[in-house]
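Asker: Numbering-wise, the sequence shown is residues 12 to 414 according to this note's numbering.
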Amino acid sequence: MRTFFLIKPGEIELKRGNKREFTQRLKDQIHRRLRGLHFELEEYPGRFFVSVDEQDSETALFILQHCPGINGVARAIKTDKGVDSIVQAAIECAAAEVAAGAHSFKVETRRSDKSFPLDSYGMAVVAGDAVLKHFPSLRVDVHTPDFVLMVEIRERAYVYSATAPGPRGLPVGCQGKGLLLLSGGIDSPVAGYMMAKRGLALEGVYFHTYPYTSAEAQQKVERLAARLAVWSGGVYLWIVPFTEVQMAIARGPREEANTLMLRMAMMQAAELIGQVINAQAIVTGESLGQVASQTAENMRLSQSRTSLPVFRPLIGIDKEETIAIARRIGTYEISILPYEDCCVLFSPKHPILKPKHEELLQYYTSLDLDNLISKAVEHAEKKTVRFSDALREYGFEVPERGL
Ligand code: ATP
Ligand code: MG
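1) Spatial neighbours of residue 47 within its chain, please: C-beta separation below 8 Å, excluding the five flanking residues on both sides.
2) Between which two residues does the alpha helix (DSSP H) carrying residue 101 extend?
3) By DSSP's criteria, residue 333 is part of a beta bridge. Which residues make up the other side?
4) Starting from residue 6, trace the alpha helix (DSSP H) both ways and give me its first and last residue.
5) Given that a residue counts as buried once 16 or more other Cβ atoms are within 10 Å of its Cβ, and exposed if not, what is residue 347?
6) Could you tell me which of 321, 313, 325 sits nearest to residue 301, measuring between CA atoms?
7) Taking the straight line between their C-alpha atoms, what separation do you get for residue 402 and residue 197?
8) From the DSSP secondary-structure annotation, give me the bridge partner or partners of residue 172.
9) Shorter than 6 Å, the distance from the beta carbon of residue 302 to the closest heavy atom of the ligand ATP, or not?
10) So which of 160, 132, 147, 27 has the shortest CA-CA distance to residue 87?
11) Any heavy atom of the ligand ATP closer than 6 Å to the beta-carbon of residue 296?
12) Rounded to whole angstroms, what's the CA-CA distance from residue 314 to residue 130? Just pull it up for me.
13) Could you give the residue range of the beta strand (DSSP E) that holds residue 359?
14) Enumerated in chain order, which unbroken segments of the beta strand (DSSP E) with a length of 3 residues or greater are wholly contained in the region 262–323?
15) At a threshold of 6 Å, does residue 329 count as lining the ligand ATP (C-beta to nearest heavy atom)?
16) Drop a sphere of 10 angstroms on the beta-carbon of residue 258, count the other beta-carbons inside from all chains shown, and report buried for 16 or more, exposed for fewer.
17) Could you tell me which residues DSSP puts in a beta bridge with residue 189?
18) With distances taken from CA atoms, which of 172, 268, 275 is nearest residue 359?
19) For residue 386, which option in 251, 75, 237, 214 has the closest C-alpha, if you only look at C-alpha atoms?
20) Out of 266, 223, 294, 162, point me to the one whose CA is closest to residue 216's CA.
21) Per DSSP, which one or two residues make a beta bridge with residue 20?
22) Note the first and the last residue of the continuous alpha helix (DSSP H) segment covering residue 115.
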């Protein structure tokens with residue numbers, strides 16, 4: 012038996028000139044993510060259809076529901092365009108809803124094949140009557156029905172009821188690539204998710220200060236990357252050994268500027284990696300005023316170390332909202348695991364709140380970090396977090412495969 016999914020693409024439907032390119036991107040993403048399952052993908056104007064073996068249907072639904080660019084996914088029955096076949100499918104679909112406890116419904120018809128003998132209203136009436144006759148316990152409720160029976164008449168006819176929501180947004184990769192500064196905290200995975208949904212493919216970078224931060228801290232970041240990859244697709248994660256850079260900063264005379272200097276150094280390292288991977292942007296989890304180091308002036312200073320735009324999707328979002336998103340996207344429970352992050356260890360007791368721009372730029376230069384930063388980036392370890400690793404994080408048993 013095959014399960015058949017009807018996929019509703021989102022924002023790409025609003026595109027004009029570059030719609031083809033966006034559509035191709037979404038198709039590629041669906042292909043990559045379903046790789047390893049026995050599936051078929053068909054494309055029609057405004058819809059994609061995926062069929063898979065029934066035993067893979069839960070995995071496929073999970074994958075499609077996490078694929079940016081998709082607004083909704085419905086298990087559908089595909090039939091020929093005979094009215095009787097459509098009615099039969101409507102009854103089958105309603106049977107599942109009645110079994111799940113539904114009492115009321117309405118029918119909605121979409122007819123892109125204008126040669127179909129019934130108009131939308133006519134088809135809805137015929138299907139509705141048949142369903143009512145078959146299930147005397149059901150009644151029609153056009154305002155708040157328990158389920159909506161959808162009939163779409165296109166090249167074939169498709170009948171479905173429940174539509175599971177997708178992430179919306181744009182297909183990953185259609186806006187190029189971003190380098191996400193991924194710490195073990197709550198914010199940066201959320202920032203990565205938000206930008207993946209805007210079409211950025213992601214690579215991650217984690218600045219590791221072993222032995223001041225433990226191997227577990229790194230494993231936590233790897234798990235976060237895997238949770239994120241279920242949305243963004245597989246990612247490369249750069250682990251940059253930053254202990255020497257951090258020590259050099261700590262040896263400097265101005266303890267109160269340590270966090271700021273570290274941020275600037277991270278940005279400089281991110282710029283170097285960004286060049287190697289051809290990134291269009293750097294992404295961080297900063298939010299204005301959340302902590303002492305996240306003031307506008309401090310961001311101006313850290314930003315001065317890169318030529319790339321720095322995307323901070325959480326800039327205007329408060330912590331409660333970020334936590335709500337983190338819970339929803341599955342990163343929260345990993346983020347709150349108790350492993351220290353490097354910045355805590357070196358944090359000044361009284362960080363500077365009102366830095367003097369020129370003076371701090373000079374101080375940064377005086378620390379003479381360029382060689383240490385280049386060396387750290389050269390020694391970075393590039394880990395592959397596969398999409399199959401992501402699925403396993405969520406308990407699906409899938410064979411290992413490429414990115
Ligand atoms: P998060 O919850 O993402 O760790 P935070 O609220 O703890 O954020 P900071 O520690 O000030 O905030 O870090 C701000 C941003 O700098 C993070 O969101 C992340 O993008 C980046 N960052 C901080 N530490 C690291 C690190 N060790 N490796 C990579 N990026 C980091
Ligand atoms: Mg942090």
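The beta-carbon is built from N, C-alpha and C at its ideal position, and this holds for glycine as well. Everything numeric in this text was worked out from a predicted model, so none of it was measured.
Answerer: Taking the structure as given:
1) Sequence-distant Cβ neighbours of residue 47 in its own chain, meaning closer than 8 Å and more than five residues away, are 399, 409, 410, 412.
2) First-last of the alpha helix (DSSP H) with residue 101: 94–110.
3) None, per the DSSP bridge assignment.
4) The question about residue 6 has no answer here: the residues shown for the chain are numbered 12 through 414.
5) So residue 347 counts as exposed.
6) Shortest Cα-Cα distance from residue 301 to any of 321, 313, 325 involves 325.
7) Looking at the two C-alpha atoms, the distance is approximately 21 Å.
8) Partner(s): none; residue 172 has no beta bridge.
9) Checking every heavy atom of the ligand ATP against the Cβ of residue 302, one is found closer than 6 Å.
10) Considering only alpha carbons, the answer is 160.
11) Relative to the non-hydrogen atoms of the ligand ATP, the Cβ of residue 296 comes within a distance shorter than 6 Å of at least one.
12) C-alpha separation (whole angstroms): 59 Å.
13) First-last for residue 359: undefined, no H or E at that position.
14) The region 262–323 contains these whole beta strand (DSSP E) runs: 292–294.
15) Residue 329: no, Cβ never under 6 Å from the ligand ATP.
16) Answer is exposed; the Cβ neighbour count stays below 16.
17) DSSP, once it has assigned bridges, lists 213, 292 as partnering residue 189.
18) Nearest of 172, 268, 275 to residue 359, Cα basis: 268.
19) If we check each option's Cα against that of residue 386, 251 comes out closest.
20) Among 266, 223, 294, 162, the Cα nearest to that of residue 216 belongs to 294.
21) In DSSP, residue 20 forms a bridge with 81.
22) Where residue 115 is concerned, there is no enclosing alpha helix (DSSP H), although the beta strand (DSSP E) it sits in stretches over 115–122.
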